[in-house]
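**Q** Top line first, the protein sequences correspond to chains A and X.
Note that our numbering numbers the first sequence so that position 175 is 196, with each residue one more than the last.
Note that our numbering numbers the second sequence so that position 112 is 267, with each residue one more than the last.
Just so you know, even glycine gets a beta-carbon here, dropped at the ideal spot from N, CA and C.
Here it is, the structure in full.
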Amino acid sequence: MVEGSIGEALAMSTAIPLLIAYVAAACALLSGVVSLFAGRHHPGFLHSGSFLFLFLAGATSIAAGGWALLANLTLTGQMALGLPWLKWHMRLDPLSGFFLLLLGTLVIAVSLYGPSYTREFARGKAAQPLPPLGVFTATFILGMQMLLLADDALVFMIFWEMMSLSGYFLVVYQHQHAANRHAAFLYLLLAHVGALVILLSFGVLAAFGGGLTFDQMRVAHLTPQWATLAFLFAFIGFGTKSGMAPLHVWLPDAHPVAPSHISAMMSGAMIKMGIYGIVRVSYDLIGNVRWEWGLLVLVIGTASALLGVLYALMQHDLKRLLAYHSIENIGIILMGLGMSMIFIGSGHKLLGTLGLVAALYHTLNHALFKGLLFLGAGAVLYRTHERDLERMGGLIHRMPVTAFMFLVGSVAISALPPFNGFVSEWLTFQTALQAPALENGVLRTMIPISAALLALTGALAAACFVKAFGIAFLGKPRTRRVARAREVPRGMQGGMALLAVLCLLLGVLPTSVIMVMAPVTQLLVQESLPSAAAQGWLWLTPISPQVASYSAPLVLIAIVVVFGMGFLLLKRGAVPARRVDTWDCGFGRLTARMEYTSTAFTQPIRRVFGAVWKVEEDVETVAGAGPIPRVTSIRHHLHVQDWSWLKVYQPIGRLVLHAARRIGFIQTGNIHTYLKYSLATLLFLLWIVSL
Amino acid sequence: MNSQSIVWALAAAQTLLFILAAPLLAGWVKRIKCHQQNRAAPAVWQPYRDLTKLLKKNMVLAGNASWLFRAVPYIIFGATLLAAAAVPLIAVHLPTSAIADVIVLVGFFALARFFTALAALDIGTAFGGMGASREMTVAALAEPAMLMAVFTLAMTAHSTNLSVAIETVLQAGLVLRPSFLFALLALAMVAVAECGRIPVDNPATHLELTMLHEAMILEYSGRHLALIEWAAQIKLMIYAVLIIDFFLPWGIASEFSTGALIVGVVAATAKLMLLAMLLVVWETVLAKMRLFRVPQFLGFAFMLALLGMLTNVVLETGG
Chain A
22 MVEGSIGEAL
32 AMSTAIPLLI
42 AYVAAACALL
52 SGVVSLFAGR
62 HHPGFLHSGS
72 FLFLFLAGAT
82 SIAAGGWALL
92 ANLTLTGQMA
102 LGLPWLKWHM
112 RLDPLSGFFL
122 LLLGTLVIAV
132 SLYGPSYTRE
142 FARGKAAQPL
152 PPLGVFTATF
162 ILGMQMLLLA
172 DDALVFMIFW
182 EMMSLSGYFL
192 VVYQHQHAAN
202 RHAAFLYLLL
212 AHVGALVILL
222 SFGVLAAFGG
232 GLTFDQMRVA
242 HLTPQWATLA
252 FLFAFIGFGT
262 KSGMAPLHVW
272 LPDAHPVAPS
282 HISAMMSGAM
292 IKMGIYGIVR
302 VSYDLIGNVR
312 WEWGLLVLVI
322 GTASALLGVL
332 YALMQHDLKR
342 LLAYHSIENI
352 GIILMGLGMS
362 MIFIGSGHKL
372 LGTLGLVAAL
382 YHTLNHALFK
392 GLLFLGAGAV
402 LYRTHERDLE
412 RMGGLIHRMP
422 VTAFMFLVGS
432 VAISALPPFN
442 GFVSEWLTFQ
452 TALQAPALEN
462 GVLRTMIPIS
472 AALLALTGAL
482 AAACFVKAFG
492 IAFLGKPRTR
502 RVARAREVPR
512 GMQGGMALLA
522 VLCLLLGVLP
532 TSVIMVMAPV
542 TQLLVQESLP
552 SAAAQGWLWL
562 TPISPQVASY
572 SAPLVLIAIV
582 VVFGMGFLLL
592 KRGAVPARRV
602 DTWDCGFGRL
612 TARMEYTSTA
622 FTQPIRRVFG
632 AVWKVEEDVE
642 TVAGAGPIPR
652 VTSIRHHLHV
662 QDWSWLKVYQ
672 PIGRLVLHAA
682 RRIGFIQTGN
692 IHTYLKYSLA
702 TLLFLLWIVS
712 L
Chain X
156 MNSQSIVWAL
166 AAAQTLLFIL
176 AAPLLAGWVK
186 RIKCHQQNRA
196 APAVWQPYRD
206 LTKLLKKNMV
216 LAGNASWLFR
226 AVPYIIFGAT
236 LLAAAAVPLI
246 AVHLPTSAIA
256 DVIVLVGFFA
266 LARFFTALAA
276 LDIGTAFGGM
286 GASREMTVAA
296 LAEPAMLMAV
306 FTLAMTAHST
316 NLSVAIETVL
326 QAGLVLRPSF
336 LFALLALAMV
346 AVAECGRIPV
356 DNPATHLELT
366 MLHEAMILEY
376 SGRHLALIEW
386 AAQIKLMIYA
396 VLIIDFFLPW
406 GIASEFSTGA
416 LIVGVVAATA
426 KLMLLAMLLV
436 VWETVLAKMR
446 LFRVPQFLGF
456 AFMLALLGML
466 TNVVLETGG
């Protein structure tokens with residue numbers, strides 16, 4: 022609860038934030054409608070118009086979400102839509118406000134970035150109509166806005182499906198490539214498996230609550246077994262959407278092939294809807310969080326984080342690499358949530374709150390830096406038409422602004438101070454350090470081990486982004502097209518700059534951010550972190566100043582001062598540096614072919630963690646003719662595959678095919694047989710009814 | 156002058172002492188190493204002479220070095236300086252140690268390393284890439300071991316704040332904690348890897364087969380190189396002081412009286428000299444490992460740290 026007159030004034034004007042949220046949804050809808058008419062005849066104006074409405078949708082989402090969050094409001098409403106006996110129940114509370122804020126920020130960045138970026142699709146040989154892209158972008162965002170506002174299972178599922186289906190059309194937008202169609206199919210398949218499991222979870226809750234509204238579910242009394250079942254269904258279903266291991270396989274395929282601003286939305290916002298779902302169902306609807314659930318979430322989270330980053334390291338497709346990092350970051354979020362559940366389930370509410378804050382903070386941070394990185398990758402793609410790191414290089418000279426933005430994103434995602442990724446990982450570590458408070462010795466050991474694995478994840482992520490940024494932007498250009506790249510238009514720079522600034526701000530002012538998030542934890546666990554800001558906004562002290570403190574603003578100031586002083590002191594009176602060619606050991610000139618490649622960079626890691634991947638490596642040498650043996654050409658093949666795909670999904674796929682073939686014999690193609698089936702079915706049903 | 160500003164001035168003085176004394180420690184290590192190996196030793200002041208010379212020299216930059224290459228030495232030095240500010244050397248409870256706890260300290264080092272590796276890739280030579288790749292691999296393995304060791308200590312002290320942790324050890328007195336022994340070993344091994352010492356790396360080499368850290372900074376010259384070298388010396392001292400702080404903090408000033416501060420300086424000097432000797436013995440009896448033995452070395456460190464934590468959970472915290 023925000024103290025003071027502003028908070029009270031905001032709280033007085035009831036229902037307005039909910040109305041603003043409706044306006045936000047309407048803006049998204051309008052954007053789609055405008056886009057629909059931006060066909061061949063008026064491409065430019067209407068196309069920009071659709072992004073203008075998206076901008077408005079983002080701004081109003083932020084307004085509504087921010088209002089509900091700052092004023093700690095819980096507003097409910099009914100919409101005159103839906104079935105006659107089931108009106109649509111809507112609700113805006115701090116939790117949905119928080120996620121609306123996150124979504125709105127990304128939508129704004131995308132609406133700045135989009136107009137220039139998408140125009141590329143309408144140009145050149147493979148020109149494509151823009152209206153479908155605009156329409157599905159709008160419905161995609163609309164779906165997310167509305168599912169956040171949903172207060173009954175029906176509305177939630179409708180908009181969940183709207184989001185998922187729009188996502189399918191966005192992934193398959195460039196359908197001329199087989200990879201896109203394949204990725205989109207896989208996405209659709211897992212989205213539906215996930216939705217089905219979510220539906221089962223709601224089914225359990227609705228059965229005990231006696232209705233589909235969330236209010237009925239909240240007051241339902243579940244036995245521990247049924248509660249655990251509902252949680253498991255929700256965790257699996259929403260986890261599929263989040264991309265947690267081992268249900269992540271769709272994500273690295275689907276995110277890279279979508280247009281880059283959509284990748285940013287998917288990675289930044291869509292997979293966060295899964296996190297929203299897990300939090301909403303387990304903390305709010307089921308309530309009574311149990312520590313056993315937390316243990317499961319922690320283990321899955323740790324596995325996702327580690328596997329995500331290890332698979333990311335092996336990628337040299339920039340967008341695919343980023344997609345794998347989403348799995349890693351979802352893992353980190355789940356680790357925070359898992360620890361939170363363990364603590365709450367064991368009766369340590371305050372520590373549970375700390376874990377929840379860490380998880381939600383990382384959710385927000387990941388949305389910002391992953392959005393930024395995908396937009397950056399999109400900017401590179403826009404100018405060079407290149408996604409392969411091995412063919413980039415030296416872009417820092419040609420695209421300085423993009424390079425700087427991507428660097429900010431890289432530092433943030435690598436969890437380095439003073440950027441935002443560090444703060445949330447620091448909070449996660451602080452949560453883990455409270456493990457001695459638990460009575461259970463196994464948990465007391467498990468939590469620090471998973472924290473050590475988090476440290477490993479962080480260090481590997483840093484290695485991965487040294488690789489990604491270093492190979493793509495530094496060194497010498499490896500292809501002519503990359504050497505000729507130039508900076509992207511202003512709008513795209515603006516979209517990236519917005520997110521980059523937020524990455525820094527959230528890293529430097531963590532105490533204020535945590536205070537803003539207080540209503541969320543108040544709502545979910547009736548607790549906030551009173552001591553976090555006890556020392557003022559300058560100091561972050563999650564438990565108490567004695568336990569741990571971190572002053573991000575002072576760190577930033579110190580960095581700036583040290584940097585400036587060192588620079589001025591040393592620069593003064595110094596002779597300008599002489600520029601020469603790099604020393605080439607006396608051989609001919611150094612060329613880009615002599616640079617370290619992305620594959621070479623990760624070779625030591627590939628060797629150390631060899632068991633994690635299925636690595637197929639071979640070297641093919643062609644011997645030249647002549648009496649003296651000499652090699653004329655060498656080809657190095659490296660193929661890295663995901664074990665979960667080979668060991669889990671392919672066997673399931675084979676099993677399904679096999680079963681289908683076996684069942685296939687009942688399909689004779691003869692109408693008489695089918696009529697007999699119908700007769701048999703009817704008789705069977707009659708028998709059932711008469712029982 | 157009120158007490159608050161005196162305390163801040165003291166913190167600044169300690170940081171200054173830290174960065175000014177770091178080359179001396181490096182010189183001391185080099186000197187006794189030479190004695191140990193029957194070589195004629197340079198004066199302990201040699202690192203200062205080298206640094207001044209480098210600071211005065213003109214720079215040569217590679218043709219395609221970007222702005223990043225020129226900014227990185229300042230970032231490395233800045234991050235290392237911040238880390239030095241956060242570590243109590245002669246007195247505890249200085250305000251700078253509240254800015255950053257141990258985890259933030261690890262973060263500062265990671266920041267410096269991240270940018271060193273990027274600068275190594277900036278020129279586009281194979282050496283730079285190789286150094287960056289190896290350094291990031293070693294760091295990835297060292298970080299969990301480091302965190303695990305730190306966690307063991309933090310759990311005993313119920314704090315990641317260095318000052319508080321030192322205070323806890325001081326108050327407990329001379330108690331033999333098995334978990335601390337394990338953590339000490341692990342931390343020492345990590346420190347060796349992180350500071351680029353034998354057997355993980357050899358700071359005195361310029362051979363491509365053995366280089367890690369040196370390969371990354373091959374292209375630097377003049378004041379850039381001076382800053383990086385200086386930062387490396389500070390980093391070595393930070394790790395040495397960390398080990399001292401956690402395991403042998405006796406003598407450190409807990410109040411800000413002149414007497415206590417002098418005792419603090421003397422104690423810190425004596426302990427650092429002693430630790431440097433241990434490092435020299437270690438570096439003299441061991442040979443540089445191949446790169447792919449390093450994971451085993453650091454894996455061993457991680458296992459030790461893990462054992463330390465388990466002993467803490469099982470033996471010391473009690474049921």
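#1: Pop quiz: Ile389/X and Ala177/X are said to be a contact at Cβ under 8 Å. What is the actual Cβ separation, rounded to whole angstroms?
#2: Comparing the C-beta of Asp400/X with each C-beta of chain A, is any distance below 8 Å?
#3: Provide the residue(s) that pair with Arg112/A in DSSP beta bridges, ordered along the chain.
#4: Might you give, ordered along the chain, the residues of its own chain that have their beta carbon closer than 6 Å to the beta carbon of Leu296/X, omitting 5 neighbours on each side?
#5: Which chain X residues are close to Gly479/A, counting only those with a beta carbon under 8 Å from its beta carbon?
#6: List the residues of chain A whose Cβ lies closer than 7 Å to the Cβ of Tyr229/X, in chain order.
#7: Looking at Trp222/X and Leu325/X, is the spacing between their C-beta atoms short of 8 Å?
#8: So with CB distances below 9 Å, who are the chain A contacts of Asn357/X?
#9: Please give me, in chain order, every unbroken run of the alpha helix (DSSP H) with length at least 4 that falls completely inside the stretch 231 to 261 of chain A.
#10: Hey, is the stretch 42 to 57 of chain A in contact with the stretch 157 to 175 of chain A, meaning 3+ C-beta pairs nearer than 8 Å?
#11: Taking the continuous alpha helix (DSSP H) assigned at Arg10/A, which residues delimit it?
#12: Using 8 Å as the Cβ pair cut-off and three pairs as the minimum, do the stretch 455 to 464 of chain A and the stretch 542 to 549 of chain A touch?
#13: What are the boundary residues of the beta strand (DSSP E) that Trp634/A is part of?
#14: Taking 8 Å as the CB-CB cut-off, is Gly473/X touching chain A?
#15: Could you work out which residues of chain X lie near Glu641/A, taking near to mean beta carbons separated by less than 8 Å?
#16: Give the interface partners of Gly415/A over in chain X, defined as CB-CB distance under 9 Å, in chain order.
#17: Check whether the stretch 301 to 321 of chain X touches the stretch 431 to 442 of chain X, taking contact to mean three or more Cβ pairs, one atom from each stretch, closer than 8 Å.
#18: If I measure Cβ to Cβ from Leu123/A and keep anything under 6 Å in the same chain, skipping five residues before and after, which residues do I get?
#19: Within 10 angstroms of its Cβ, does Trp558/A collect 16 or more other Cβ (buried), or is it exposed?
#20: For chain A, is any of its Cβ atoms less than 8 Å away from the one on Leu340/X?
#21: Could you check which residue in Tyr345/A, Pro469/A and Gly308/A has the C-alpha nearest to that of Gly463/X?
#22: Which residues share a DSSP beta bridge with Arg656/A?
#23: Please confirm whether Gly233/X has its beta-carbon closer than 8 Å to some beta-carbon of chain A.
#24: Just the C-alpha distance for Ile535/A and Pro250/X, rounded to the nearest angstrom, thanks.
#25: Would the stretch 523 to 539 of chain A and the stretch 372 to 386 of chain A be scored as touching if the rule is three or more Cβ pairs under 8 Å?
#26: For Leu216/X, report the span of its beta strand (DSSP E) as first-last.
#27: Would you call Leu700/A buried or exposed, if buried means 16 or more other Cβ atoms sit within 10 Å of its Cβ?
#28: Gly264/A by DSSP, collapsed to three states: which one?
#29: Say whether the stretch 331 to 339 of chain A touches the stretch 485 to 502 of chain A, bearing in mind that this needs 3 or more beta-carbon pairs closer than 8 Å, one atom from each stretch.
#30: Taking all protein chains shown into account, decide if Thr466/X is buried (16 or more other Cβ within 10 angstroms of its Cβ) or exposed.
#31: Give me the chain X residues within the contact set of Ile626/A, using Cβ-Cβ distance strictly less than 9 Å, ordered along the chain.
#32: Considering Arg683/A, what are the terminal residues of the alpha helix (DSSP H) in which it resides?
#33: If contact is defined by three or more beta carbon pairs under 8 Å, each pair taking one atom from either stretch, is the stretch 287 to 294 of chain X in contact with the stretch 616 to 636 of chain A?
#34: Can you list, in chain order, the residues of the stretch 394 to 428 of chain X whose Cβ is nearer than 9 Å to any Cβ on chain A?
#35: Grab me the residues of Thr261/A's own chain with a C-beta within less than 6 Å of its C-beta, minus the 5 sequence neighbours each way, in chain order.
#36: Does the beta carbon of Ser314/X come closer than 8 Å to any beta carbon on chain A?
**A** For this structure:
#1: What you label residue 389/X is simply residue 234 of the second sequence in a count that begins at 1. What you label residue 177/X is simply residue 22 of the second sequence in a count that begins at 1. With 8 Å as the limit, Ile389/X and Ala177/X qualify as a contact, their Cβ atoms being about 4 Å apart.
#2: Reading the second sequence from its first residue, position 245 is the one you call residue 400/X. Chain A contact via Cβ: absent.
#3: For the purposes of this step, residue 112/A is taken as the residue at position 91 of the first sequence. Beta-bridge pairing by DSSP links Arg112/A to Thr97/A.
#4: Numbered from its first residue, the second sequence carries residue 296/X at position 141. The beta carbon of Leu296/X sits closer than 6 Å to those of Pro450 and Leu453, all from its chain and outside the five residues before and after it, given in chain order.
#5: Here the question's residue 479/A lines up with position 458 in the first sequence. Result: Ala265 and Glu298.
#6: Numbered from 1 along the second sequence, position 74 holds the residue referred to as residue 229/X. Annotation: Cβ neighbours of Tyr229/X in chain A (cutoff 7 Å, chain order): Phe584, Gly587 and Phe588.
#7: Numbered from 1 along the second sequence, position 170 holds the residue referred to as residue 325/X. Numbered from 1 along the second sequence, position 67 holds the residue referred to as residue 222/X. Going by C-beta atoms, Leu325/X is not nearer than 8 Å to Trp222/X.
#8: Within the second sequence, numbered from 1, the residue matching residue 357/X stands at position 202. At a beta-carbon threshold of 9 Å, none of the residues of chain A lie near Asn357/X; the nearest stands roughly 17 Å away.
#9: Runs found: 235 to 240.
#10: Contact between the stretch 42 to 57 of chain A and the stretch 157 to 175 of chain A is present, with at least three C-beta pairs closer than 8 Å.
#11: Any answer about residue 10/A is impossible in this case: the structure gives chain A only from 22 up to 712.
#12: With a cut-off of 8 Å, the stretch 542 to 549 of chain A and the stretch 455 to 464 of chain A do not count as touching, because too few Cβ pairs lie within range.
#13: Looking up residue 634/A in the first sequence gives position 613. Residues Trp634 to Ala644.
#14: Taking the second sequence and counting its residues from 1, the one referred to as residue 473/X is at position 318. Below a pLDDT of 50, predicted positions are generally treated as unreliable, and Gly473/X, at 48, falls in that range; no measurement from the model is reported.
#15: Counting from one through the first sequence, the residue named residue 641/A turns up at place 620. Those do not exist, as Glu641/A stays about 22 Å from chain X at its closest Cβ, beyond 8 Å.
#16: Numbered from its first residue, the first sequence carries residue 415/A at position 394. At a C-beta separation below 9 Å, Gly415/A has these neighbours in chain X: Asn219, Ser221 and Gly279.
#17: Segments in contact, no.
#18: Walking along the first sequence from the start, residue 123/A turns up at place 102. Leaving aside the five residues that flank Leu123/A on each side, the residues in its chain whose CB is nearer than 6 Å to its CB run, in chain order, Leu385 and Ala388.
#19: The sequence position of residue 558/A within the first sequence is 537, counting from 1. Per the 10 Å Cβ criterion, exposed.
#20: Sequence index remark: in the second sequence, residue 340/X carries index 185 (1-based). Answer no: the Cβ-Cβ gap between Leu340/X and chain A never drops below 8 Å.
#21: Within the second sequence, numbered from 1, the residue matching residue 463/X stands at position 308. Answer by Cα proximity: Pro469/A.
#22: Stepping through the first sequence from its first residue, residue 656/A is reached at position 635. DSSP lists Glu641/A as partners of Arg656/A.
#23: The residue you call residue 233/X lines up with position 78 of the second sequence. Closer than 8 Å to some Cβ of chain A, the Cβ of Gly233/X qualifies, so yes.
#24: Position 514 of the first sequence, counting from 1, holds the residue named residue 535/A. Position 95 of the second sequence, counting from 1, holds the residue named residue 250/X. If you take the alpha carbons of Ile535/A and Pro250/X, they lie about 23 Å apart.
#25: Contact annotation: the stretch 523 to 539 of chain A touches the stretch 372 to 386 of chain A, with at least three C-beta pairs closer than 8 Å.
#26: Position 61 of the second sequence, counted from the start, is the residue given in the question as residue 216/X. Start and end: Val215 to Ala217.
#27: By 1-based counting over the first sequence, the position of residue 700/A is 679. Exposed.
#28: Looking up residue 264/A in the first sequence gives position 243. Three-state DSSP puts Gly264/A in coil, outside helix and strand.
#29: Output reads yes: the stretch 485 to 502 of chain A touches the stretch 331 to 339 of chain A.
#30: The sequence position of residue 466/X within the second sequence is 311, counting from 1. With 16 or more Cβ atoms within 10 Å of its Cβ, Thr466/X is classed as buried.
#31: On the first sequence, position 605 is the one that residue 626/A refers to. Those are Ser288, Met291, Thr292 and Ala295, listed as they occur along chain X.
#32: Mapped onto the first sequence, residue 683/A falls at position 662. DSSP places Arg683/A inside the alpha helix (DSSP H), whose first and last residues are Gln671 to Ile684.
#33: Taking a cut-off of 8 Å for Cβ pairs, the stretch 616 to 636 of chain A and the stretch 287 to 294 of chain X touch, as three or more such pairs fall below it.
#34: Answer set for the stretch 394 to 428 of chain X: empty.
#35: The residue given as residue 261/A occupies position 240 in the first sequence. Within the same chain, and ignoring the five residues on either side of Thr261/A in sequence, the residues whose Cβ sits closer than 6 Å to its Cβ are Leu211, Gly215 and Leu268.
#36: Working through the second sequence from its first residue, we reach residue 314/X at position 159. For Ser314/X, a Cβ of chain A is located within less than 8 Å of the residue's own Cβ.
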